[in-house]
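Residue numbers (this note's numbering): 14 to 183.
Built from N, CA and C at the ideal position, the CB exists for glycine as well.
Below is one structure; the comments refer to it alone.
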Ligand SMILES: [Fe+2]
Ligand SMILES: [Fe+2]
């Protein structure tokens with residue numbers, strides 16, 4: 014089976030998106046590490062690793078179907094971070110953009126009757142649901158626990174508790 018040109022383009026764009034997510038999470042992890050949010054830092058380092066794993070999954074998929082994955086330049090992550098809450102909110106927005114992009118690939122696969130890519134992308138659909146839910150739960154904590162130093166410390170601990178579990182499939 015050969016991928017269509019449109020599909021190769023869409024998957025290559027997804028590789029860029031996953032790489033950008035990995036790089037943005039790495040910057041977030043660094044910001045948190047320097048700002049004393051150790052739990053959040055661990056959480057974002059883990060997220061960054063996961064995004065790289067997502068990127069590699071797509072690279073392998075394209076390569077195995079006979080086309081060399083196009084490894085393009087990625088944008089520099091935004092570096093105007095000011096608070097943990099802002100970082101978490103930005104993460105959720107980014108994940109929502111990624112979800113939308115994955116759904117577009119699936120729509121293209123349906124249109125092309127590309128059953129193989131359609132099936133391949135289902136893992137990403139589940140992964141996005143998990144990631145969005147996790148980040149959304151963290152974001153809700155700011156309303157529930159608060160935004161003073163003690164509250165932020167609690168949220169930081171909560172994020173540390175999340176980073177060990179990961180969202181790898183069994
Ligand atoms: Fe991802
Ligand atoms: Fe993600």
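Would you tell me roughly how many angstroms separate the C-alpha atoms of residue 24 and residue 161, rounded to the nearest one?
Those two C-alpha atoms are separated by around 42 Å.
Which residues bound the alpha helix (DSSP H) around residue 162?
Counted as a single uninterrupted DSSP element, the alpha helix (DSSP H) harbouring residue 162 occupies residues 162-176.
At least 3 beta-carbon pairs within less than 8 Å: the segment 116-129 vs the segment 40-57
At 8 Å Cβ cutoff, the stretches do not touch.
Which residues in the same chain as residue 33 place their Cβ atom closer than 8 Å to its Cβ, once the five residues preceding and following it in sequence are excluded?
When the five nearest sequence neighbours on each side are left out, the beta carbons in the same chain lying within less than 8 Å of the beta carbon of residue 33 are those of 87, 88, 90, in order along the chain.
Cα-Cα separation between residue 146 and residue 113, rounded to whole angstroms:
One C-alpha to the other measures close to 15 Å.
Does the beta-carbon distance from residue 115 to residue 141 come in below 8 Å?
With contacts defined as CB atoms closer than 8 Å, residue 115 and residue 141 qualify as a contacting pair.
Between which residues of its own chain and residue 117 is the CB-CB distance below 8 Å, once the five residues before and five after are set aside?
23, listed in sequence order.
Could you check if residue 181 is buried or exposed, using at least 16 other CB atoms within 10 Å of its CB as the buried criterion?
Residue placement at residue 181 is poorly supported in this model, since its pLDDT is 45, which falls under 50; the coordinates still yield a value, given next. By the 10 Å Cβ count, residue 181 comes out exposed.
Less than 8 Å between the beta carbons of residue 71 and residue 21, yes or no?
The Cβ-Cβ distance between residue 71 and residue 21 does not fall below 8 Å.
Under 8 Å, do residue 52 and residue 173 count as touching if we go by C-beta distance?
Going by C-beta atoms, residue 52 is nearer than 8 Å to residue 173.
Residues whose Cβ lies closer than 6 Å to any heavy atom of ligand 1, in chain order:
My final list is 31, 34, 64, 67, 111.
Given 7 Å as the limit, tell me if residue 108 has its C-beta closer than that to any heavy atom belonging to ligand 4.
For ligand 4, the structure offers nothing, since it holds only ligand 1 and ligand 2.
Through-space distance from residue 18 to residue 166, alpha-carbon basis:
Straight-line Cα distance between these residues: approximately 49 Å.
Indicate the three-state DSSP secondary structure (helix, strand or coil) for residue 17 in the structure shown.
For residue 17, the secondary structure class from DSSP, reduced to helix, strand or coil, is coil.
Between residue 40 and residue 92, which are expected to be in contact by the criterion C-beta below 8 Å, what is the C-beta distance as a whole number of angstroms?
That belief holds up - the Cβ atoms of residue 40 and residue 92 are roughly 7 Å apart, short of 8 Å.
Would you report the Cα separation of residue 78 and residue 14, rounded to the nearest angstrom?
Rounded to the nearest whole angstrom, the C-alpha separation of residue 78 and residue 14 is 7 Å.
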